[in-house]
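Since the structure comes first, as structure tokens, the remarks are kept for the end.
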Amino acid sequence: MIGSDEVTVEVSGLVKEFPAPGGGTLRAVDGVSFEVHRGEVFGFLGPNGAGKTTTLEIIEGLQEPTSGTASVLGLDSVHDRERMKARIGVQLQAGAYFRYLTLEEILDLFGSFYPKALPPAELLEKVGLLDKRRALVGELSGGQAQRFSIVAAMVNDPEVVFLDEPTTGLDPQARRNLWDLVEFINRQEGKTVVMTTHYMEEAQVLCDRVAIIDHGRIQALDTPLGLVRRLPSAYRIVFQASGGVDEAALARLPGVRRVTPVQLNGFNWELAVRRAAETLPAFVEWSESNGVKVEDVQVIPATLEDVFLTLTGHTLRE
Amino acid sequence: MRKLFVASMKMLYRDRQSLFWALAFPVIFVVVFGLFDFNQAPNVRIDVVGADRAPIGPALVQGLDRVDSFDVHRTASEGIARKDLAEGDVDVVLAVPAQTPAAGPAGIEVLYNRSNFTSNQFALTTIRQVVDGMNLRAAGVSRPALVVEAKAVQAKTVDYYDFILPGLVAMGVMNISIVGMGVAVARYREQRILKRILATPLRPIRFLAAQVLARLVLSVVQSALILGVGVFAFGGHVYGNVLWLFVLVVLGNLVFLNLGFAVAGRASTPDAAQGLGQAVALPMMFFSGVFFPVETLPKVVETLVRYLPLTPLLDAMRTVAVDGKSITATGAQLLQVGIWVLVSFWLATRLFRFSETR
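One line per chain: the protein sequences are A and B, in this order. Residue numbers for the first sequence follow the numbering used here, beginning at 704 and rising by one. Residue numbers for the second sequence follow the numbering used here, beginning at 2 and rising by one.
Okay, here's the thing in structure tokens:
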């Protein structure tokens, strides 16, 4: 579902300082501003400790900002927080549920905290856990527990769902299942989703717009494609050529930023280019007119990882 | 709120490990104390030397034998008897003179082990009575002019078991509240369940209130079990109104639950809460008179422990359970416990926190 113009979450000049362990203050969030539109999947991409969770918890009304404001559905996260909480769903990072209650009992209990709530069976059906209704959380697999924690955030049929690192610690198969669930919540149920992740594929696959966050600041905010297009070279063309290649001639082709001889899976040349579509026709013409025998060609698009590296100078996992 | 309370009860009931500590553990104490017989008269083993040679020997042995808890043996040589006494095989040695002198009384030598202080007084008094009786008969008095008619003035027999029973009730309640509540809340915080609840419109005080209510119910069940086993299976006594006892349990439990929340707030993990809770509860268990009256402590220590919450609570509980008085007779103690309810509540609100970061 593509976001409308209606603003659902509005954050302006958010700052959060903690007392640092050795004295002084630590700025976990340092002047963050953004808007989330209704129907969007909005993602925060950044490494651990970048300020993602703190920002999310301030919006959810779980922490108070040092300065700046946040509001959801027009309700202030500090002053109108009780009314706001009734209309949002919250999944906490690595959050657990009561050990000695069954899934059905937990959903029933959490539902009783809200003015209106969906029946537990209906919720469990949505995430394929209906047969586990009488199980305890401890009896679920990692993927099932994570699906449960998401559906527990939907007991009140919220308009906005906040997911904090929903796939951290899951195996690739369980992660893909969870992506399907997030898409279902967004497209079928029409809910706005605000999520954090430190997996770039996840942001790329799920998010309509991504805010890249590092050291408490938003470094860039755009659609995944838009972010990649901001790079000076959004694609790499690698090819295998036999015989001599005139590097200078290649560098003159339209859109080519850099020519590098490489040794990569049998390819021996790499062109860093602005747009693949801009360079490819000229490249083919170049090879024919110069009699260069090109054995194989591959076009590799840049990823959010490359964007992150370009923006921050370090990788997501550092 | 009703759902929250029911859910809290379910969680308590299904947490079998905690339930064991709450219910089975104090009952084990009740049973162990019940197996000891604290009222049994001490058994005294007596060696009589020279009973066969002396004329009064047979009469003396016969007289001593009539005493139930005396275990009388004749021994030929004083040497052997002294050796038995030294080794602790007998408690008292009586040496009977072979001849009754014509003039003056015949001395019966009584040797006893100084370290048996519980049995000595009883043994020596009883031996004197037996000898007195023989003297009267020797003097030809068959009907003494005066006899002592002993009648117990106290209508009931309070023994150590009746004293310990309210102590065990208070100990059990204190443990499930300070340690049990502390660990449970610390775990809820560590697993971010408290934070998750904070993310709903539920007022968090309601969640905590439901937890407290469930623990109060558990403490009443626990107390009923301790008193039930103690009274019906081991013949303990509760002389006052049991209902007042439960009122005191609930009141005292408010203090302990507050302390449990304070412990959970101060400790960073459930394990730390377990240790800290024990550090708060154990000294109170030993010093506030669960097992021994606080009057037996050195004066300075006694004065100090009177300020702990468990001491006035136990005082009040024994005033009802042992002295058989009404709760209205415990005004001073109720005031002290009441002050502790307020102090501990203040402490809990100061230290309690919903998440790792304040």
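For glycine and all other residues, C-beta sits at the position ideal for the given N, C-alpha and C.
Judged by DSSP secondary structure, residue 200 of chain B falls outside any beta strand (DSSP E); it is assigned neither H nor E. The C-beta distance from residue 766 of chain A to residue 719 of chain A rounds to 7 Å, short enough to meet the 8 Å contact threshold. Counting along the chain, the unbroken beta strand (DSSP E) around residue 964 of chain A starts and ends at 959–967. Neighbourhood of residue 16 of chain B in chain A, by CB distance below 8 Å: 802, 803, in chain order. At the C-beta level, residue 354 of chain B and residue 266 of chain B come within 8 Å of one another. In this structure, A:797 is the residue among A:797, A:972, A:982 with its C-alpha nearest to the C-alpha of residue 845 of chain A.
Considering only A:968, A:820, A:771, A:714, the residue with the shortest C-alpha distance to residue 942 of chain A is A:968. Per the coordinates, the alpha-carbon of residue 899 of chain A lies some 30 Å from the alpha-carbon of residue 834 of chain A. Cβ-Cβ separation between residue 347 of chain B and residue 256 of chain B: approximately 12 Å, too far for a contact (criterion under 8 Å). Taking a contact as a CB-CB distance under 8 Å, the pair residue 893 of chain A and residue 742 of chain A counts as one, their CB atoms being some 7 Å apart.
Near chain A, meaning a CB-to-CB distance below 8 Å, the residues of the region 194–221 of chain B are 194, 196, 197, 198, 199, 200, 201, 202, 203. For the region 278–333 of chain B, the full-length alpha helix (DSSP H) segments reaching 4 residues or more read 300–306, 311–322 along the chain. For residue 788 of chain A, the chain B residues whose Cβ falls inside 7 Å of its Cβ are 200, 201, 202, in order along the chain. If you draw a straight line from the Cα of residue 226 of chain B to the Cα of residue 212 of chain B, it comes to about 21 Å. When secondary structure is reduced to three states using DSSP, residue 259 of chain B falls in the helix class.
Taking 8 Å as the upper bound for CB-CB distance, residue 945 of chain A and residue 998 of chain A are in contact here, some 7 Å apart.
Exclusion of the five residues before and after residue 75 of chain B leaves 49, 52 as the residues of its chain whose Cβ lies within less than 6 Å of its Cβ.
For residue 999 of chain A, the enclosing beta strand (DSSP E) begins and ends at 996–1004.
Identification of chain A residues near residue 8 of chain B by a Cβ-Cβ cut-off of 7 Å yields 804, 808, 812, ordered along the chain. Residue 773 of chain A carries a strand assignment under DSSP once its states are collapsed to helix, strand and coil.
Setting aside the 5 residues that flank it on each side, residue 860 of chain A is surrounded in the same chain by 821, each with a C-beta closer than 6 Å to its C-beta; the list follows chain order.
The three-state reading of DSSP puts residue 793 of chain A in strand, counting E and B together.
Note on residue 901 of chain A: 16 or more other CB atoms within 10 angstroms of its CB, so buried under the neighbour-count rule. Residue 717 of chain A is positioned such that its CB atom lies no closer than 8 Å to that of residue 756 of chain A. For residue 352 of chain B, there are no C-beta contacts with chain A under 9 Å, since the nearest C-beta of that chain is about 18 Å from it.
When Cβ pairs closer than 8 Å are counted between the two stretches, the region 799–812 of chain A is seen not to touch the region 770–780 of chain A, the count staying below three. Secondary structure at residue 871 of chain A: coil, using DSSP grouped into helix, strand and coil. Secondary structure at residue 933 of chain A: coil, using DSSP grouped into helix, strand and coil.
The alpha carbon of residue 887 of chain A has as its nearest neighbour, out of A:1007, A:831, A:918, the alpha carbon of A:831. In the displayed model, residue 37 of chain B falls within coil according to three-state DSSP, outside both helix and strand. Just so you know, the alpha carbons of residue 885 of chain A and residue 807 of chain A end up roughly 21 Å apart. Take the alpha-carbon of residue 854 of chain A and the one of residue 823 of chain A: they are about 9 Å apart. Linking residue 752 of chain A to residue 264 of chain B through their CA atoms gives a straight-line distance of about 29 Å. The straight-line gap separating the alpha-carbon atoms of residue 282 of chain B and residue 262 of chain B is approximately 14 Å. Rounded to whole angstroms, the separation of the alpha carbons of residue 911 of chain A and residue 836 of chain A is 33 Å.
In the structure shown, residue 800 of chain A adopts coil according to DSSP, grouped into three states.
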